[in-house]
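J.: Be aware that the sequence shown starts at 267, since it is given in the working numbering, and climbs by one per residue.
Glycine is no exception: its CB is placed at the ideal position from the N, C-alpha and C atoms.
Note that this is a predicted model, so its numbers are computed, not measured.
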Amino acid sequence: MPAITAALTDTTAADAAHEALMHALARQRPVLLTQDHRAADGRPGRFWGTRPIGMAEMQAAADRFTRFRPVLQRLFPELQASGGVIESPLQPVPALQRQLGLDAAHGALFVKADHGLPVAGSIKARGGLHEVLEFAERLARQLGLVSGGDLSPLAGAAAHRAFADYQVAVGSTGNLGLSIGVIASALGFRAVVHMSADAKEWKKQRLRRRGVTVVEHVGDYAAAVAAGRREAESDPRAHFVDDEDSLSLFLGYSAAALHLREQLAAAGRPVDAAHPLFVYIPCGVGGAPGGIAFGLALLFGPHVHCFFAEPTASPCFLLALQRDDGHVPSVYELGLDNRTEADGLAVPRASERAVQVVRPSLGGVFTVADETLFRHLARARQAEGLRIEPSAAAGFDGPGRLLHTAEGQRYLHRHQLTAQMPQATHVVWTTGGLFVPDEEYERFLARGLRATG
Ligand SMILES: *Cc1c(COP(=O)(O)O)cnc(C)c1O
């Protein structure tokens, strides 16, 4: 066949595949999209907007958490035992592995247990804390509250009095608000969390108990964010945390990669050409999974394969990856309603910058129906005693999608991974749950048990 005809045929086939994908997304059918264009060396993008980012920026975020340990230890009694370290275990989950239909020939399954992260109760403890700590550190130096590397005065009364003149604000469906509100108020800032009116009542209550001002907005998450941003912009003593566009959040999340590398080594799980690493992370706007995928790609290059998990009602990151013209579409454009019980992932539009950084290295994205989330939530409890929220259950669908679907198998063949699967490590990132009230959790569990049958 002449080359020109071949190219035309390919284009037609690609168009048809794209069409079929859009159709499936619009019908809320679960899909897996693997990335044909993943870079051979697995390297992530090097820019956040126009700002170069890489290993040094990730390390700086990790160092900031280290510097703040004495402060965090004094502000939060629950961090006494860890010495101010906010981290989660990497735990083997053999019973769950069997239940998910993965045998030893598929590798070994682990959970990265961010659902139990102290202080914020979700993965937002990483990004959210980092951004507020960065703001506090910069301000403290400007105001002469600290000098050199000793930040311990920031746990004291003088710093609190000084910070009380400043506001930290955020717009959030819930978990980011919890994280920012709690750390900002603990440091003495006036904390304001803008929420959509349909945000969970217990989250609003939890914040108000801590002295955080909760402002409720009619409309969706994007509207709440816009309102918060407008209000903070008019106040020179206000810092607004912008979930869609924050490098500080992103780098805070990325630092998790450095810790995971240590944990994998301690668990005797090498990551190299013979031992691939697969990581499945729930995705909302893309900051948390994007930061982690960025960090892991810097550390492990072609040997790590990250997959993001989105609700079928809110596949915003998957949609954004479909475009290479800079337009970041909203799920509403597909006729989807962005209504899901996975409230941590109910985001209509992905972060453009996160998409830009992650695109070259990401393995793919899959979508999960709400009923499946509840099934995984119940299984995680029954098999391993894990208490997670619906958003945090999305990753559990990943290994099966990769191993037991045609699209997943194509990915493994394309990257010549099939022979190495017995030595593979699968990490499912469970992203939240600690502070879900018992009553609400029992409802989730009952729904999951019904769905499991
Ligand atoms: C926020 C959140 C995520 C995803 O983070 P994004 O930065 O929005 O992509 C995942 N799980 C839970 C529980 C969350 O709260």
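Assuming Gln357 is part of the beta strand (DSSP E), what are its boundary residues?
T.: On the sequence shown, position 91 is the one that residue 357 refers to. Per DSSP, Gln357 belongs to the beta strand (DSSP E) from 356 to 358.
J.: Using 10 angstroms around the beta-carbon of Ser512, count the other beta-carbons present and answer buried if the total reaches 16, otherwise exposed.
T.: Locating residue 512 in the sequence shown gives position 246, counting from the first residue. With 16 or more Cβ atoms within 10 Å of its Cβ, Ser512 is classed as buried.
J.: If you pair each beta-carbon of the region 506 to 524 with each one of the region 389 to 405, do three or more pairs fall below 8 Å?
T.: yes
J.: Can you find the residues in the same chain that come closer than 8 Å, C-beta to C-beta, to Pro384, ignoring five residues on each side of it along the sequence?
T.: Taking the first residue of the sequence shown as 1, we reach residue 384 at position 118. Counting only Cβ-Cβ distances below 8 Å, and skipping sequence neighbours, we find Phe342, Glu344, Leu345, Ser348, Ile352, Ala391, Leu700.
J.: Closer than 6 Å to a non-hydrogen atom of ligand 1 - does that hold for the CB of Ser445?
T.: By 1-based counting over the sequence shown, the position of residue 445 is 179. The answer is no for Ser445.
J.: Taking all protein chains shown into account, do 16 or more other C-beta atoms lie within 10 angstroms of the C-beta of Val484, making it buried, or fewer, making it exposed?
T.: On the sequence shown, position 218 is the one that residue 484 refers to. Answer is exposed; the Cβ neighbour count stays below 16.
J.: Tell me, which residues are paired with Cys572 by DSSP?
T.: For the purposes of this step, residue 572 is identified with residue 306 of the sequence shown, where counting begins at 1. Partner(s): Val545.
J.: Which same chain residues, not among the five before or five after Ala540, have their C-beta less than 8 Å away from its C-beta?
T.: Residue 540 sits at position 274 when you count from the first residue of the sequence shown. Closer than 8 Å at Cβ, skipping near neighbours: Gln686, Gln689.
J.: Which partner residues of Met461 appear in the DSSP bridge assignment?
T.: The count along the sequence shown starts at 1 and reaches residue 461 at position 195. Glu482, per the DSSP bridge assignment.
J.: State buried or exposed for Gln682, treating a residue as buried only when at least 16 other CB atoms are found within 10 Å of its CB.
T.: Start at 1 with the first residue of the sequence shown, and residue 682 comes out as number 416. Counting Cβ neighbours within 10 Å, Gln682 comes out exposed, since fewer than 16 surround it.
J.: How is Ala504 classed by DSSP in three states: helix, strand or coil?
T.: Counting from one through the sequence shown, the residue named residue 504 turns up at place 238. Of the three classes helix, strand and coil, the one that applies to Ala504 here is strand, per DSSP.
J.: Looking at ligand 1, does it come within less than 6 Å of Ala290, judged from the CB to the closest heavy atom?
T.: Indexing the sequence shown from 1 puts residue 290 at position 24. It does not: the Cβ of Ala290 is nowhere closer than 6 Å to a heavy atom of ligand 1.
J.: Throw me the rounded Cβ distance for the Gly630 and Gln301 pair, which I believe falls under 8 Å.
T.: Counting from 1 along the sequence shown, the entry for residue 630 is found at position 364. Counting from 1 along the sequence shown, the entry for residue 301 is found at position 35. Between Gln301 and Gly630 the Cβ distance is about 5 Å, and since that is below 8 Å, they are a contact.
J.: Could you pull out every residue in the same chain whose Cβ sits closer than 6 Å to the Cβ of Ile449, ignoring the five residues on either side in sequence?
T.: As a first step, residue 449 is located in the sequence shown; it is residue number 183 there, counting from the start. Within the same chain, Ile449 has close Cβ partners Leu395, Val398.
J.: Going by other Cβ atoms of all chains shown within 10 Å of its Cβ, with 16 needed for buried, is Ser413 buried or exposed?
T.: Residue numbering aside, residue 413 sits at position 147 when the sequence shown is read from its first letter. With fewer than 16 other Cβ atoms within 10 Å, it is exposed.
J.: So, with DSSP's three-state summary, where would you put Gly610?
T.: For the purposes of this step, residue 610 is identified with residue 344 of the sequence shown, where counting begins at 1. The answer is helix: DSSP assigns Gly610 an H, G or I state.
J.: Measure the alpha-carbon distance for Leu524 versus Gly561 and round it to whole angstroms.
T.: Numbered from its first residue, the sequence shown carries residue 524 at position 258. Numbered from its first residue, the sequence shown carries residue 561 at position 295. If you take the alpha carbons of Leu524 and Gly561, they lie about 7 Å apart.
J.: Would you check whether ligand 1 has a heavy atom nearer than 6 Å to the C-beta of Cys582?
T.: For the purposes of this step, residue 582 is taken as the residue at position 316 of the sequence shown. No.
J.: What does a CB cutoff of less than 6 Å around Leu602 pick up in its chain, not counting 5 residues either side in sequence?
T.: Along the sequence shown, read from residue 1 onward, the residue named residue 602 stands at position 336. Closer than 6 Å at the Cβ level, and outside the excluded window around Leu602, lie Ala579.
J.: Provide the residue span of the beta strand (DSSP E) that contains Lys378, from first to last.
T.: Taking the sequence shown and counting its residues from 1, one reaches residue 378 at position 112. Element bounds for Lys378: 374 to 379.
J.: Let me check understanding here. Comparing Cα to Cα, which of Val481, His670, Ser451 lies closest to Met461?
T.: Stepping through the sequence shown from its first residue, residue 461 is reached at position 195. Of Val481, His670, Ser451, the residue nearest in Cα terms is Val481.
J.: Quick check: the Cα distance between Asp663 and Cys582, rounded to an integer number of angstroms?
T.: Walking along the sequence shown from the start, residue 663 turns up at place 397. Walking along the sequence shown from the start, residue 582 turns up at place 316. Using only the alpha carbons, I get a separation of about 18 Å.
J.: Run through DSSP, which three-state label would Ala488 get?
T.: As a position in the sequence shown, residue 488 is number 222, starting the count at 1. Residue state, collapsed to three classes: helix.
J.: Using only alpha-carbon positions, find the residue among Thr277, Ala290, Gly592, Ala712 that is nearest to Arg653.
T.: Mapped onto the sequence shown, residue 653 falls at position 387. Of the candidates Thr277, Ala290, Gly592, Ala712, the one whose C-alpha sits nearest the C-alpha of Arg653 is Ala712.
J.: May I ask you to check if the CB of Cys572 is nearer than 6 Å to at least one heavy atom of ligand 1?
T.: Your numbering for residue 572 matches position 306 in the sequence shown. In this structure, Cys572 has its CB at a distance of at least 6 Å from all heavy atoms of ligand 1.
J.: Would you check if the distance between the CB atom of Leu298 and the CB atom of Arg615 is smaller than 7 Å?
T.: The residue given as residue 298 occupies position 32 in the sequence shown. The residue given as residue 615 occupies position 349 in the sequence shown. It is not a contact, given that the beta carbons lie outside the stated cut-off.
J.: Looking at Gly447 and Ala457, is the spacing between their C-beta atoms short of 7 Å?
T.: For the purposes of this step, residue 457 is taken as residue 191 along the sequence shown, with counting starting at 1. For the purposes of this step, residue 447 is taken as residue 181 along the sequence shown, with counting starting at 1. Pairing Ala457 with Gly447 gives a Cβ-Cβ distance under 7 Å.
J.: Check for me: the beta strand (DSSP E) holding Phe632 runs from which residue to which?
T.: Counting from 1 along the sequence shown, the entry for residue 632 is found at position 366. First-last of the beta strand (DSSP E) with Phe632: 630 to 634.
J.: Can you find a heavy atom of ligand 1 that lies under 6 Å from the Cβ of Thr697?
T.: In the sequence shown, residue 697 corresponds to position 431, counting from 1. True, at least one ligand heavy atom lies under 6 Å from that Cβ.
J.: Looking at C-alpha atoms only, which residue of Gly415, Leu405, Phe573, Arg680 is the closest neighbour of Ala430?
T.: Locating residue 430 in the sequence shown gives position 164, counting from the first residue. It is Leu405 whose Cα lies nearest to the Cα of Ala430.
J.: Tell me, please, whether the region 531 to 550 touches the region 498 to 505 by the rule of three or more beta-carbon pairs shorter than 8 Å.
T.: As far as the Cβ criterion goes, the region 531 to 550 does not touch the region 498 to 505, which means the pair count is below three.
J.: Rounded to a whole number of angstroms, what is the C-alpha to C-alpha distance between Phe574 and Val545?
T.: As a first step, residue 574 must be located in the sequence shown, where it is residue number 308. As a first step, residue 545 must be located in the sequence shown, where it is residue number 279. Looking at the two C-alpha atoms, the distance is approximately 8 Å.
J.: The alpha helix (DSSP H) spanning Ala430 covers which residue range?
T.: Your numbering for residue 430 matches position 164 in the sequence shown. Unbroken run through Ala430: none, as it is neither H nor E.
J.: Assuming the contact rule is C-beta atoms closer than 8 Å, Leu356 and Leu600 should be a hit. Round their C-beta distance to whole Å, please.
T.: Here residue 356 refers to the residue found at position 90 of the sequence shown. Here residue 600 refers to the residue found at position 334 of the sequence shown. About 36 Å; that fails the 8 Å criterion.
J.: I need the boundaries of the beta strand (DSSP E) containing Thr332, first residue and last residue.
T.: The residue you call residue 332 lines up with position 66 of the sequence shown. Unbroken run through Thr332 is the alpha helix (DSSP H), 321 to 333; no beta strand (DSSP E).
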